[in-house]
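Before any comments, here is the structure.
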Amino acid sequence: MKTIVQHRLFWPIAALIVLIIVNTIARPSFISITVQNGQLYGPLIDILRNSAPLMLVALGMTLVIATRGIDLSVGAIMAVSGAVALTIIQGSSDPNGLGTVLIAIVAGVLVALVLGVWNGFLVSVVGIQPIIATLVLMLAGRGIALLITGGFITTINSEPYRFMAQGYVFGFPFALYVSVAAVVVVSLIERRTALGVLTEAVGINPEASRLAGVRSRGIIWAAYAVSGLLAGLAGILYSSNIMAADANAAGLYIELDAILAVVLGGTSLMGGKFSLAGTVVGVFTIQTLKSTITFLGVPPAVSPLFLAIVVVIVVLVQSQRLRDVSNRISQSLRNRRANSEVAS
Amino acid sequence: MPADTEVPPVEMPPVEKPVVEMRGITIEFPGVKALANVDFTLRAGEVHTLMGENGAGKSTLIKALTGVYAIDSGTITVGGQVREFSGTADAQAAGISTVYQEVNLCTNLSVGENVMLGHEVRTAGRINWKATHREAARHLENLGVFIDTRSQLSSHSIAVQQLVAISRAMVTDSTVLVLDEPTSSLDRSEVEQLFGVIRDLRDRGVAILFVTHFLDQVYEISDRLTVLRNGTLVGEYPAAGLARGTLISLMIGRELDELDALSRSAVRPIDRDAQPVFSATDLGRKGMLEPADVSVYDGEVVGIAGLLGSGRTELVRLMYGADRPDTGSIEVRGDAAKITTPRHAIDHRIAFSSEDRRAEGIIGDLTVAENIVIGIQAKRGWLRKVGKAEQATVVAEYIAALGVRPADPNRLVRNLSGGNQQKVLLARWLATAPQLIILDEPTRGIDVGAKADIQRKVAELASQGLSVVFISSELEEVLRIAQRVIVMRDRRKIGELVSHDIEVGDLIDFIAQDHDKAETPENVA
C-alpha cells in the first residue's frame, strides 16, 4: 500500500478518480456509455474525444518544460496551422478529395513545425529566455493566421476533413486514435531512444550536461520543434471540429491548460524529470473538470472561479510540502493527546 | 625552507576582550562535515583575516556568523551574550553586518536611499528625504567618501558601491563588519581606498573579519589570521610573525597517509621523445590566462600546482574547450586539432572532470547508473541508446572498480557523499575510454578513504598508459602522483618541475617567489 501511495502518479490519478466519482454522484448518467449505429456515445467518450487537441499540445509542452523552458505560442500555432489547412482546402477545386485534404493537413503541420523550429532557434541558439522567445509567436502567430485567412473566418465543407475530429473508427472517435498515436509515438521516441534521459539531463543541470558532451542545443531545439509540430496537429483537429479557421479563437489560452496539465501530472516547472503518463492523466483531469462545469450546470459567469478553486485544491493535494506539514501537525496533535492522557 | 616547519606558538599581543567568540562550531551537510569543531575569536579594533583553500570552510564559517546557516553544534557569543541566529536578520540585530563580493545593494536606487534603506529619517510618519540624504552624506563622509547622495548607485564604480555598502553597515551601528572577498574586482588604487576605510573603522573599534585570496593584501591589512583546512581549525596566528611560505603550507596542509606505494608513481619513467598525446602552444584567453604551453605524454601524470585563482582551472578549461581560447593552437598526437567546445575534446578522446562537482559535474536528479552512462550516451548520440544489459554491465563494472558506496546503481546521485559522487564522475569518464583525462581537484572536500581510492586509481590507470592532468590544492598529492608539475601563479604559467627532484617545501618556495624574477630551476619541456 505504501509503495502505491509513494508512486509519483498516485496523487494525479487519485484526483482524476475523485473528480469522476463526484460527477457520477451528481448525475449517474456521467459514466453511461450508449451504442448507436456501432458508435460509442456518452460523457466519458466526449472527454476522450475533446481532450485530443489539449493532449497533443500538452505532450509537446512536457518536453519543453523538461528542458527548463516554456512554450507560450502553442495556441497561436494552432491558429496558424488551421488557417493554412483550411485556406488550401477552400482554394482547391476539390475540397472533398482525400488528396487535397492530406496536402492541406501536411502543409498546416509543416508550417507549425517551422514555427516550432523558429522558437527553438530563439531559445537554443540566440539564447533568449523561453518565456520571451515564445511570447513573440504567441502575439505574432495570430496575426500570421489572420493574414493567411485574409482577416475572415474561413469556413469549408469537406467530409474527409470533418472526419479528423468528428469521425468514428471501430466505434471510437477518430480524434482519440490521433491522440493515442501521439502519446505512443512520443513515448517511444523519448524512452526507447536516449532522447528522454538526455532531455532530463539538460533540464536538471545544463552546464554539467554540456561538459559531459551532451548536445544540449540540439535537444532544446528539438523540444520546441516537436511542441510546434504537435500544436499544428492540434490546430487541425480543432479546426476540423468546427470546420472553420478562426484566427482569434483557435487554441485560445490552451497554453495555460497545457502547462497546468503538465504540472498536474507531476512534472516540475523547474525542468528535469518528466512524466508523459502524468501529463496524460493531467489532460484528462482538466478535460473532466471542463465537462463537469457544463455537466453540473455551473453558470458560465462563475465557471472560471469554479475551475480555479478545483485546480487549487488538486494542486494542494499533490503538494509534497503540504502533506509533510499536515503529517507533522497530526503527529504533534497525537503526541499532545498521548501526553495529556499520561498526565491525567 | 622545509614545509614541515611547525609554527612556534607565539604569544598573542594583549588585546580588547572578544566581540565574537565562536566555540566548537560544527555544520554538517548531507555526506560532508563542512565545519568540525571550529573555534574562532574576533576582537574589537582588529582586522582578522580568514585563510584557507577552497572547501576549507571559510564561507561556511562566515555564513554561520551571519545567520545564513544554522549551526549543528557549538556556541556563538556576540558582545558577551550567547546568540542563536535563525536568520540574517538576527545577526544584523546583534550588530554583525556583511559586505559581499557581489555588492548586494539596489543599483537602481540612489546612493542615499541605499545607505539609509530601512532607516530613513521620518517626520510625522513620512519620509523626510532631505534629512535622509543629509544623514546618508554624513555617514559617507565619515568614511571619506564625498559623492552626491542623489546620484544613482549604478553610476558609480564597484569600489564606491562597496564603500556605500560599508556605510550602510555603519548606519546600523555594527560592531562587527564581515568583508567577504571585497577586493576581488577592484584595481590597486581602489583597494588602497578600501583599506584606508578599513583601517579607519578598525581604529574606531570595529571588529573586522576579512576574507581574500590575495596574499599581499593579507599581510597589508591583517592584524591576525585564522587558518582553516578541510573544515577544521589549523590555528590562529598574528600576521606579523608568520612567514609567507609557512602560511601557504598551513593552508595547503599535509596529510601523512599510507600511500607509500604511490610514491613510485612519481619516479616512473616517461618516454618524452615520443609524440605527445596532447600539446598546446600559446594557449590563452584574454582576462583569463596568459598564453601557456602544455604537453602531456603517454602514460604521464602532469600535475598543476598553484593557489586558488592562479589560473590552474582556467588552463584546463581551455585545454578541454569548456571555455573558448582566443590564442594558441592544439595538437593531438601530432595532428592539429580544433578544440573550442567540450564536444571537440570528447571526439579527441579527452575527458574533463570539473572542480565544481555539484554545479558542473553530477546531474543530481538522475541515478548513479544514468550519471555513469551519460558520457557514453552523449558520445553515441541520442538515437543509439545504451541498452539495459550493456548499462548494467558497465555500471556494475565501474561501481566495483572504483568502490562506489552505496553500490546501488538506482540511487539518485545527489544523495551520495562527495567522495562517491567524485567516483561516479570518474566512472563516467573512464567508461568513454579517453586517452587523456583532466581531473580538476578530484579529491577536494572528500573523506580520506575516498581520496586514497581515487589517487590509487589514477596512478594505476596512468601506469596502464592513460595520460592524466591532475590539479590539486594539496601539493603533496600532486608531487606524489605526477611525474611533472606545471606551476601556475597570477594566471600564468611560471614554470615546470620534475616532481621526484623536489619536496613540497621547494614547490612552496617556487610558488611564493617574487614572480617577476621567477625562474624555472629545471625546465623539462
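Residue numbers (our numbering), protein chains in the order written: chain A, 87 to 430; chain B, -15 to 509.
Idealized CB from N, CA, C, for every residue including glycine.
Would you mind giving the Cβ-Cβ distance between residue i and residue j, rounded to the nearest angstrom? I have them listed as a contact below 8 Å.
i      : j      : result
B:K369 : A:R278 : 7 Å
B:F262 : B:S401 : That pair is no contact at about 32 Å.
A:R94  : A:S361 : 7 Å
B:Y281 : B:I422 : Actually they are not in contact, since the Cβ atoms of B:Y281 and B:I422 sit about 15 Å apart, beyond 8 Å.
A:L316 : A:L158 : At roughly 15 Å, the Cβ-Cβ gap does not stay under 8 Å, so A:L316 and A:L158 are not in contact.
B:F36  : B:L212 : Here residue 36 of chain B is Gly; the residue named in the question, Phe, does not match the sequence. The pair is a contact, with the Cβ atoms about 4 Å apart (cut-off 8 Å).
A:T235 : A:A169 : 5 Å
B:F13  : B:L45  : Actually they do not touch by this definition, with Cβ atoms about 14 Å apart.
A:G299 : B:A77  : A:G299 to B:A77, Cβ: 50 Å. No contact.
Output needed for residue i: all residues of its chain with C-beta closer than 8 Å, excluding positions within five of it in sequence on either side, in chain order.
i      : result
B:N92  : Q136, L137 and S138
A:A330 : L172, I239, T240, T241 and I242
A:P98  : L350, G351, G352, G364, V367, G368, T371 and Q404
A:V264 : A138, L142, M250, L319 and L323
B:E339 : N38, T297, D424, E425, R428 and I455
B:I131 : V95, L124, H140 and V144
Below 7 Å CB to CB, which residues in the same chain sit around residue i once its five sequence neighbours on both sides are set aside?
i      : result
B:G312 : A264, T265, D266, L267, G268 and P275
B:P393 : T351, V352, A353, V379 and I383
A:F260 : F249, M250, G253 and Y254
B:N355 : I346, I347, V397, V408 and R412
Closer than 7 Å, CB to CB, is residue i near chain B or not?
i      : result
A:G213 : no
A:N291 : yes
A:L284 : yes
A:K359 : yes
A:A165 : no
A:G351 : no
A:A152 : no
A:G185 : no
A:V300 : yes
A:L297 : yes
A:A287 : yes
A:L281 : yes
A:A294 : yes
Closer than 7 Å, CB to CB, is residue i near chain A or not?
i      : result
B:P326 : yes
B:Q467 : no
B:G359 : yes
B:D255 : no
B:A362 : yes
By DSSP, does residue i sit in helix, in strand, or in coil?
i      : result
B:R213 : strand
B:R118 : helix
B:M35  : strand
A:N413 : helix
A:V288 : helix
B:L267 : strand
B:D349 : coil
A:G247 : According to the sequence as given, residue 247 of chain A is Tyr; it is not Gly. Looking at A:Y247 - three-state DSSP - the assignment turns out to be helix.
B:A306 : coil
B:T50  : coil
B:T325 : coil
B:G312 : strand
B:D493 : helix
B:I55  : coil
B:Y203 : helix
A:G146 : helix
B:F179 : helix
B:G79  : coil
A:I151 : helix
A:I90  : helix
Would you list the one or two residues that DSSP bridges to residue i?
i      : result
B:K477 : B:M472
A:Q125 : A:Q122
B:R67  : B:I60
A:A331 : A:T240
B:A191 : B:V160
A:P181 : BP columns for A:P181 are empty, so no partner.
Within a Cβ cutoff of 6 Å, which residues of the same chain sit near residue i, ignoring the five residues on either side of it in sequence?
i      : result
B:L409 : S337 and G345
B:L163 : V83 and F194
B:T216 : A20
A:S118 : G128
B:I492 : A(-13), G229, I232 and S233
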